[in-house]
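Read through the structure below, which is laid out as structure tokens, and then see the notes.
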DNA sequence: AAAATTCAGTTTCATTTGAAACTTAATTCA
DNA sequence: TGAATTAAGTTTCAAATGAAACTGAATTTT
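Residue numbers (my numbering), protein chains in the order written: chain A, 1 to 145; chain B, 1 to 145.
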């Protein structure tokens, strides 16, 4: 059977990803003047305080060059701080600054509201199923590649 | 409640999208030497023969500049053809060439196999639910933004 | 119907991106 | 321990991207 684009999962996934990202970017870019890599790095640092750039890159699936540049800019804006890593002189441990934490708290509350709007009409079990199915696909993809 | 990154839908969506795209790109890029915009343009043209660049851009959510460049390259490779549009001298109608159709048929069969691997372990009703939920999110996103 | 406006698609140019080279530090091997 | 290798993060440079200007055609306005 030929490829039916409308029923082809990667096609729908991309459409949905693009649409959702557009909504989120109005917050992190429009209101907080952060690039996508900057916001993503902040989110990882907020979750895993004292993390290295390499681990951020792995967690956020961002190129290490992009992480390096995002961290440089975030530090220039005083949103993240670099602490020397006692265990490894090559890397630094990153944390949110006080200001960075405050901004992240405000911004993430807004992003959660957007998420809630996006999921309007979904039952809690549908929401759970969606996350679970996406995680399964990701796991499958990582075993293939 | 603060943002829990692991349960935050856009985070999971992006991870899944990145992982899936990586798998697909091994086919369209690795084996067929097409860029992502090129493969996406071909997919739309294969579905909607005699379509204009503007309509491709809308259907694939690609920037019109990217469509223009993809079409130029696809034409240079003799995969798509431009037919003058009788109704509108500004635009051209695009179709797959004979060779383009043949390559698309082969490539899309391979991409369908990858999709099947990605969805290993999903029941048919889970697969349907996933597509439906993604479409709902897309629709919600488009009403918000 | 002539002028003004809008639209399709391309080109230009400034910015973003990412692969490869580089720097410095840690680890492995001899 | 000293040389060779691997790893973290940055810099460089070439390619990809996208916003704005542009070209020529269609549509709208007067």
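For glycine and all other residues, C-beta sits at the position ideal for the given N, C-alpha and C.
Using the rule of at least 16 other Cβ atoms within 10 Å of the residue's Cβ for burial, across every protein chain shown, is residue 40 of chain A buried or exposed?
Walking along the first chain from the start, residue 40 of chain A turns up at place 40. That one is buried.
Residues of the region 67–78 of chain A with a CB closer than 8 angstroms to any CB of chain B: list them in chain order, please.
Against chain B - using a Cβ distance shorter than 8 angstroms - the region 67–78 of chain A contributes no residues.
So, with DSSP's three-state summary, where would you put residue 2 of chain A?
Reading the first chain from its first residue, position 2 is the one you call residue 2 of chain A. Residue 2 of chain A falls in the coil class under three-state DSSP.
So residue 119 of chain A contacts chain B; which residues on that side make the cut at Cβ distance below 8 angstroms?
Looking up residue 119 of chain A in the first chain gives position 119. Going along chain B in sequence order, the residues near residue 119 of chain A (Cβ under 8 angstroms) are 9, 137, 140.
Compare the C-beta of residue 115 of chain B with all C-beta atoms of chain A and state if any pair is closer than 8 angstroms.
Stepping through the second chain from its first residue, residue 115 of chain B is reached at position 115. Chain A, which has a Cβ nearer than 8 angstroms to the Cβ of residue 115 of chain B, makes this yes.
Taking the C-alpha atoms as reference points, what is the distance between residue 115 of chain A and residue 7 of chain B?
In the first chain, the residue the question calls residue 115 of chain A occupies position 115. In the second chain, the residue the question calls residue 7 of chain B occupies position 7. Roughly 11 angstroms separates the two Cα atoms.
Whole angstroms are fine: how far does the CA of residue 67 of chain A sit from the CA of residue 58 of chain A?
Taking the first residue of the first chain as 1, we reach residue 58 of chain A at position 58. Taking the first residue of the first chain as 1, we reach residue 67 of chain A at position 67. Distance between the alpha carbons of residue 58 of chain A and residue 67 of chain A is about 10 angstroms.
In chain order, what residues of the same chain lie with their CB nearer than 6 angstroms to the CB of residue 28 of chain A, ignoring the 5 residues before and after it?
Locating residue 28 of chain A in the first chain gives position 28, counting from the first residue. Excluding sequence neighbours, residue 28 of chain A sits near 34, 39.
Just the Cα atoms here: how many angstroms apart are residue 129 of chain A and residue 86 of chain B?
Reading the first chain from its first residue, position 129 is the one you call residue 129 of chain A. Reading the second chain from its first residue, position 86 is the one you call residue 86 of chain B. Taking the straight line joining both Cα atoms gives about 49 angstroms.
Please name the residue or residues paired with residue 80 of chain A in a DSSP beta bridge.
For the purposes of this step, residue 80 of chain A is taken as the residue at position 80 of the first chain. In the DSSP output, where bridge partners are listed per residue, residue 80 of chain A has A:96.
In chain order, what residues of the same chain lie with their CB nearer than 8 angstroms to the CB of residue 82 of chain A, ignoring the 5 residues before and after it?
By one-based count along the first chain, residue 82 of chain A stands at place 82. So the list reads 71, 75, 92, 93, 94, once near-sequence residues are dropped.
Taking Cβ to Cβ, would you say residue 19 of chain B is nearer than 8 angstroms to residue 19 of chain A?
On the second chain, residue 19 of chain B is found 19 positions in, with the first residue counted as 1. On the first chain, residue 19 of chain A is found 19 positions in, with the first residue counted as 1. No, the Cβ-Cβ distance between residue 19 of chain B and residue 19 of chain A is not below 8 angstroms.
Around the Cβ of residue 99 of chain A, are there at least 16 other Cβ atoms within 10 angstroms (buried) or fewer (exposed)?
Within the first chain, residue 99 of chain A is the residue found at index 99, counting from 1. By the 10 Å Cβ count, residue 99 of chain A comes out exposed.
At which residues does the alpha helix (DSSP H) containing residue 25 of chain B begin and terminate?
Numbered from its first residue, the second chain carries residue 25 of chain B at position 25. Counting along the chain, the alpha helix (DSSP H) containing residue 25 of chain B begins and ends at 9–25.
Answer yes or no: do residue 13 of chain A and residue 17 of chain B have a C-beta to C-beta separation smaller than 8 angstroms?
Taking the first chain and counting its residues from 1, one reaches residue 13 of chain A at position 13. Taking the second chain and counting its residues from 1, one reaches residue 17 of chain B at position 17. Yes, these two residues count as a Cβ contact at 8 angstroms.
If the cut is a Cβ gap below 7 angstroms, which residues of chain A does residue 58 of chain B touch?
Indexing the second chain from 1 puts residue 58 of chain B at position 58. Result: empty, since nearest Cβ-Cβ is about 11 angstroms, beyond 7 angstroms.
Going by beta carbon distance, what residues of the same chain come within less than 7 angstroms of residue 24 of chain A, once the five residues before and after it are set aside?
Your numbering for residue 24 of chain A matches position 24 in the first chain. Excluding sequence neighbours, residue 24 of chain A sits near 111, 114.
Just to make sure I have the definition right: I need the residues of chain A whose C-beta is within less than 7 angstroms of the C-beta of residue 20 of chain B. Which are they?
Start at 1 with the first residue of the second chain, and residue 20 of chain B comes out as number 20. By Cβ distance, chain A contributes 10, 13, 137, 141.
Residue 51 of chain B by DSSP, collapsed to three states: which one?
Within the second chain, numbered from 1, the residue matching residue 51 of chain B stands at position 51. Strand.
Would you kindly check if the distance between the Cβ of residue 133 of chain B and the Cβ of residue 9 of chain A is under 8 angstroms?
Within the first chain, the letter at position 9 stands for residue 9 of chain A. Within the second chain, the letter at position 133 stands for residue 133 of chain B. In this structure, residue 133 of chain B does not lie closer than 8 angstroms to residue 9 of chain A by Cβ.
Confirm the yes/no value for this check: CB of residue 110 of chain B, any heavy atom of the ligand ADP, distance under 7 angstroms.
With respect to the ligand ADP, the structure shown offers nothing to examine, as it has no ligands at all.
Using a C-beta cutoff of 8 angstroms, does residue 24 of chain A count as contacting chain B?
Taking the first chain and counting its residues from 1, one reaches residue 24 of chain A at position 24. Cβ-Cβ to chain B under 8 angstroms: yes for residue 24 of chain A.
Can you find a CB in chain A that lies within less than 8 angstroms of the CB of residue 102 of chain B?
Here residue 102 of chain B corresponds to residue number 102 of the second chain, with the count starting at 1. It does not: the Cβ of residue 102 of chain B has no partner Cβ on chain A nearer than 8 angstroms.
Which word fits residue 65 of chain B, buried or exposed, when buried means at least 16 other C-beta atoms lie within 10 angstroms of its C-beta?
As a working mapping, residue 65 of chain B is identified with position 65 in the second chain. By the neighbour-count rule (16 or more Cβ atoms within 10 Å), residue 65 of chain B is not buried but exposed.
If you draw a straight line from the alpha carbon of residue 143 of chain B to that of residue 31 of chain A, how long is it in whole angstroms?
Taking the second chain and counting its residues from 1, the one referred to as residue 143 of chain B is at position 143. Taking the first chain and counting its residues from 1, the one referred to as residue 31 of chain A is at position 31. So the alpha carbons of these two residues sit roughly 20 angstroms apart.
Select from A:26, A:109, A:15, A:51 the residue whose C-alpha is nearest the C-alpha of residue 88 of chain A.
Taking the first chain and counting its residues from 1, one reaches residue 88 of chain A at position 88. Closest option to residue 88 of chain A, Cα to Cα, is A:51.
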